[in-house]
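Chemist: Before we start, here is the structure in question, set down as structure tokens.
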Amino acid sequence: MSEPLLTVKDLVVDFRTELGDVRALDKVSFDVPRDCITAVVGESGSGKTVTGNSIMRLLPESAHVTGEIVLHPKGEEPISISSLAERDPRLRSLRGGLVSMVFQEPMTALSPVHRIGDQVAEAVLCHRRVSRETAWNEAAAMLEQVGLTDIEKRMRMYPFEFSGGMRQRVIIAIALICHPQLLICDEPTTALDVTIQAEILVLIKSLQRKLKNSVLFITHDLGVVAQIADRVVVMYDGQVVETGSVRQVLKNPQHSYTRHLLASMPDAVTDPGSDFPVNRLLSVENLSKSFAGQEVVRSVSFDVDESTTLGIVGESGSGKTTLVRSILRAIDPDSGAVRYNSRDGWRELDRLTPGELLPLRREIQMIFQDPFASLNPRMTVQAILEEPLIIHDLGDRAWRKLRVAEMLRKVQLDPGVASRFPHAFSGGQRQRIGIARALILEPRLVVCDESVSALDVSVQAQILDLLADLQAELGLTYLFVAHDLRVVRDFCDHVLVMYAGSVVEQGPVEEIFANPKHDYTRLLLSAIPLPDPDEKLEPLNRAELNLAEL
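Read in order, the letters of the sequence shown are residues 1 to 550 in our numbering.
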């Protein structure tokens, strides 16, 4: 067997804190072979990103690192990355030269005040003595290689003018422009829509085959692992628990944690059954909304029955969020009707004043997407959950305290955590707090806006099971906004597909997934990565489909 490109041996990382040392990595060992894609998979906190940052030597000063990280560049002497001094000039030439990194968040990884062309060319100027004109020309060639069009125009634009998928292509171009032998990709598709994710996965794999480099691909999604990787390293609690070929690990997992990850994929989610009678709860008719003359939601109509779940799917920019914000009257629709069957009878939400809406807001609540941004960091859990009760003038202080404790138990948290602040909780725990806040007013309709997209797959399954249990217990109705069709397939009863502000298809989940009628629905379904190395990702070509503006 040939010598690996990268060897990591007995890597230990401790972070110094005021409360003592915290061990992030514990004797991590693995190899990255040449000319292949190695995936590192595990939940948040498993040590994936710390491993990638250790290889790049990007850990903060509070980190204490032991162990070996050795790069074996082709035609050169081995480089002990872990032994390089912080000011060693070889470290600068290593980063972005021999080893490069694609970071997770395409919306924040680029400078907002520099043109795209300058940012790509800068990577060349940092590593080679060439003219700005040469660097600019090389940047143009690389941007074309990663699939951008109209290159000269794009290079003079700023990141805010690019979509998430286009920004990620730019980041990949920056990482590859100096021809690194090892490319580290840290969750590069997590924040992207499923179709854009499929395009980026195909791009990374095709570039790896073309450039003959090695890729270390960090992810929490086993479906992505199955589609892109040749080998896989499974991490849990700072340790490597299983390694092997993708087929070997996914088809015949040896460690219980690997089996747990596979079992947590969306098709293992409990079916949200309900014994409640079916009655119409919400009716939306010809709803439209425009911004600055551009129609974002176009004549959308649908109905939602009580105690059911309607999934609303589509890419970023399809109008999903604007639609639900219009229904909630967070913004006012331009036209159309939103009728809600309240406890006091049918009400036309689009015609109510803010004062008339306030009592109805007890019946319609929202669970937000980001559990790390949707909770006030300056408020305790008690204050966060108590706030809706205070706004609606419900109960005295003693009653509110009992109600908060009751809701924490309902979302499977200890009432004793009520005195803590949000920073003390994991992402899954924070989302449970967000669910408790939404349910504390005893709503009938709950809007879930990408409420599990920021969570690891196993935590995601736990939250979905919790939502299903609460629906069965309380008779809740969900509007479930999502871009992950695997979750929609297994959690929702009906699905509404949006494209360019319009509904292109809607119906029962089983019917839509088994026999999609619209090209856009077929495009979405073709982009779903499955956790099976035998089921290769073959997304439809968007350019060949009939997806003209509706």
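The beta-carbon is built from N, C-alpha and C at its ideal position, and this holds for glycine as well.
Small disclaimer: the values here were computed from a predicted structure and weren't measured.
Assuming glycine 238 and glycine 355 make a contact with CB atoms under 8 angstroms, what is their CB distance in whole Å?
Modeler: Position 238 of the sequence shown, counted from the start, is the residue given in the question as residue 238. Position 355 of the sequence shown, counted from the start, is the residue given in the question as residue 355. Actually they do not touch by this definition, with Cβ atoms about 54 angstroms apart.
Chemist: Please state whether DSSP places aspartate 193 in a helix, a strand or coil.
Modeler: As a working mapping, residue 193 is identified with position 193 in the sequence shown. Three-state result, aspartate 193: coil.
Chemist: Which value, in whole angstroms, describes the spacing of the CA atoms of leucine 250 and threonine 258?
Modeler: Within the sequence shown, the letter at position 250 stands for residue 250. Within the sequence shown, the letter at position 258 stands for residue 258. Going from the Cα of leucine 250 to the Cα of threonine 258 covers about 8 angstroms.
Chemist: In three-state terms, what does DSSP make of glutamate 596?
Modeler: Outside the displayed span of the chain (1 to 550) sits residue 596, for which this structure offers no information.
Chemist: Could you have a look at histidine 179 and say whether DSSP puts it in helix, strand or coil?
Modeler: Looking up residue 179 in the sequence shown gives position 179. Looking at histidine 179 - three-state DSSP - the assignment turns out to be coil, as it is neither helix nor strand.
Chemist: Would you call the CB atoms of lysine 9 and glycine 52 closer than 8 angstroms?
Modeler: For the purposes of this step, residue 9 is identified with residue 9 of the sequence shown, where counting begins at 1. For the purposes of this step, residue 52 is identified with residue 52 of the sequence shown, where counting begins at 1. No, these two residues do not count as a Cβ contact at 8 angstroms.
Chemist: What's the gap between the Cα of aspartate 493 and the Cα of glycine 164?
Modeler: What you label residue 493 is simply residue 493 of the sequence shown in a count that begins at 1. What you label residue 164 is simply residue 164 of the sequence shown in a count that begins at 1. About 30 angstroms.
Chemist: Rounding to the nearest angstrom, what Cα-Cα distance links isoleucine 440 and valine 297 in this structure?
Modeler: Mapped onto the sequence shown, residue 440 falls at position 440. Mapped onto the sequence shown, residue 297 falls at position 297. C-alpha separation (whole angstroms): 31 angstroms.
Chemist: Run through DSSP, which three-state label would isoleucine 528 get?
Modeler: Counting from one through the sequence shown, the residue named residue 528 turns up at place 528. Coil, per DSSP.
Chemist: Tell me which residues share the same chain as glutamine 382 and place their Cβ nearer than 8 angstroms to its Cβ, disregarding the 5 neighbours each side in the sequence.
Modeler: The residue given as residue 382 occupies position 382 in the sequence shown. The residues are Lys401, Val404, Ala418 and Ser419.
Chemist: Take isoleucine 367 as the anchor and find which of Asn376, Arg347 and Gln431 has the nearest alpha-carbon.
Modeler: Residue 367 sits at position 367 when you count from the first residue of the sequence shown. Measuring from the Cα of isoleucine 367, the nearest candidate turns out to be Gln431.
Chemist: Check the C-beta distance from cysteine 185 over to valine 102 and give it rounded, since I have them as a contact under 8 angstroms.
Modeler: What you label residue 185 is simply residue 185 of the sequence shown in a count that begins at 1. What you label residue 102 is simply residue 102 of the sequence shown in a count that begins at 1. That belief holds up - the Cβ atoms of cysteine 185 and valine 102 are roughly 4 angstroms apart, short of 8 angstroms.
Chemist: Please confirm if the stretch 513-527 is in contact with the stretch 191-211, defined as three or more CB-CB distances below 8 angstroms between the two stretches.
Modeler: With the cut-off at 8 angstroms, the stretch 513-527 and the stretch 191-211 touch.
Chemist: Whose C-alpha, out of Asp305, Ser299 and Thr7, is nearest the C-alpha of leucine 282?
Modeler: By one-based count along the sequence shown, residue 282 stands at place 282. Cα-wise, what sits closest to leucine 282 is Asp305.
Chemist: Is the beta carbon of valine 452 sitting closer than 8 angstroms to the one on isoleucine 435?
Modeler: Locating residue 452 in the sequence shown gives position 452, where the first residue counts as 1. Locating residue 435 in the sequence shown gives position 435, where the first residue counts as 1. Not in contact: valine 452 and isoleucine 435 (Cβ atoms no closer than 8 angstroms).
Chemist: For the beta strand (DSSP E) holding methionine 101, just list the boundary residues, first then last.
Modeler: To locate residue 101, count along the sequence shown from 1; it is residue 101. Looking at the DSSP string, the run of the beta strand (DSSP E) that includes methionine 101 is 99-102.
Chemist: From the DSSP output, in three-state form, read off tyrosine 257 for me.
Modeler: As a position in the sequence shown, residue 257 is number 257, starting the count at 1. Tyrosine 257 falls in the helix class under three-state DSSP.
Chemist: Just to confirm, are valine 324 and valine 41 a CB contact at a threshold of 8 angstroms?
Modeler: Taking the first residue of the sequence shown as 1, we reach residue 324 at position 324. Taking the first residue of the sequence shown as 1, we reach residue 41 at position 41. Contact flag unset, no.
Chemist: Do three or more CB pairs link the stretch 163-183 to the stretch 109-116 at distances below 8 angstroms?
Modeler: Judged by Cβ distances under 8 angstroms, the stretch 163-183 makes contact with the stretch 109-116, as three or more pairs qualify.
Chemist: Are the beta-carbon atoms of proline 180 and leucine 98 separated by less than 8 angstroms?
Modeler: The sequence position of residue 180 within the sequence shown is 180, counting from 1. The sequence position of residue 98 within the sequence shown is 98, counting from 1. A contact, by the Cβ cut-off of 8 angstroms.
Chemist: Rounded to whole angstroms, what's the CA-CA distance from arginine 486 to aspartate 303? Just pull it up for me.
Modeler: Position 486 of the sequence shown, counted from the first residue, corresponds to residue 486. Position 303 of the sequence shown, counted from the first residue, corresponds to residue 303. Distance between the alpha carbons of arginine 486 and aspartate 303 is about 23 angstroms.
Chemist: Return the bridge partner residues of glutamate 473 from the DSSP annotation.
Modeler: Sequence index remark: in the sequence shown, residue 473 carries index 473 (1-based). None; glutamate 473 has no bridge partner.
Chemist: Find the nearest neighbour of valine 300 within the set Pro188, Ala85 and Val503, judged by alpha-carbon distance.
Modeler: If you number the sequence shown from 1, residue 300 lands on position 300. Selected option, being the one with the closest Cα: Val503.
Chemist: Note down, in chain order, each residue of its chain lying with its Cβ closer than 7 angstroms to the Cβ of valine 146, except the 5 sequence neighbours on either side.
Modeler: What you label residue 146 is simply residue 146 of the sequence shown in a count that begins at 1. Same-chain partners within the cutoff: Arg169, Ile172, Ala173 and Leu203.
Chemist: How about valine 232: is its C-beta nearer than 8 angstroms to some C-beta of chain D?
Modeler: Absent here is chain D; the protein component of the structure consists of one chain.
Chemist: For tyrosine 158, does the three-state DSSP call read helix, strand or coil?
Modeler: Your numbering for residue 158 matches position 158 in the sequence shown. Tyrosine 158 falls in the coil class under three-state DSSP.
Chemist: Between the alpha carbons of valine 278 and aspartate 118, how many angstroms are there, rounded?
Modeler: If you number the sequence shown from 1, residue 278 lands on position 278. If you number the sequence shown from 1, residue 118 lands on position 118. In this predicted model, valine 278 has a pLDDT of only 47, less than 50, meaning its place in the structure is not dependable; the value taken from the coordinates is given anyway. Spanning the two alpha carbons is a distance of roughly 58 angstroms.
Chemist: So the candidates are Ser426, Gln460 and Thr38; which of them puts its Cα closest to the Cα of glutamine 227?
Modeler: The sequence position of residue 227 within the sequence shown is 227, counting from 1. Closest option to glutamine 227, Cα to Cα, is Thr38.
Chemist: Buried or exposed: which applies to glutamine 471, given that a residue is buried once 16 or more other Cβ atoms fall within 10 Å of its Cβ?
Modeler: Within the sequence shown, the letter at position 471 stands for residue 471. With 16 or more Cβ atoms within 10 Å of its Cβ, glutamine 471 is classed as buried.
Chemist: Rounded to whole angstroms, what's the CA-CA distance from serine 274 to valine 338? Just pull it up for me.
Modeler: Walking along the sequence shown from the start, residue 274 turns up at place 274. Walking along the sequence shown from the start, residue 338 turns up at place 338. Low confidence applies here, because serine 274 scores a pLDDT of 42, under 50, leaving its location unreliable; read the following figure in that light. Cα-Cα distance, rounded: 25 angstroms.
Chemist: For proline 508, list the residues DSSP reports as bridge partners.
Modeler: As a first step, residue 508 must be located in the sequence shown, where it is residue number 508. Proline 508 pairs with His494.
Chemist: Using CA atoms only, rank isn't needed, just tell me which of Gly311, Asp519, Arg34 and Val481 is closest to leucine 208.
Modeler: Counted from its first residue, the sequence shown places residue 208 at position 208. It is worth fixing the name first, because residue 208 is glutamine in this sequence and not leucine. Taking only the C-alpha atoms, the option nearest glutamine 208 is Arg34.
Chemist: Which word fits glutamate 442, buried or exposed, when buried means at least 16 other C-beta atoms lie within 10 angstroms of its C-beta?
Modeler: Position 442 of the sequence shown, counted from the first residue, corresponds to residue 442. Label assigned to glutamate 442: exposed.
Chemist: Could you work out which residue in Leu540, Asp334, Pro516 and Asp465 is closest to arginine 351 when comparing CA atoms only?
Modeler: Position 351 of the sequence shown, counted from the first residue, corresponds to residue 351. Per the Cα distances, Asp334.
Chemist: Following the continuous alpha helix (DSSP H) through glutamine 294, name the residue where it begins and the one where it ends.
Modeler: For the purposes of this step, residue 294 is taken as residue 294 along the sequence shown, with counting starting at 1. That residue, glutamine 294, is in no alpha helix (DSSP H); its beta strand (DSSP E) goes 294-305.
Chemist: Let me know the alpha helix (DSSP H) ranges lying completely inside the stretch 324-401, each 4 residues or longer, listed in chain order.
Modeler: Complete alpha helix (DSSP H) runs here, min 4: 354-357 and 381-391.
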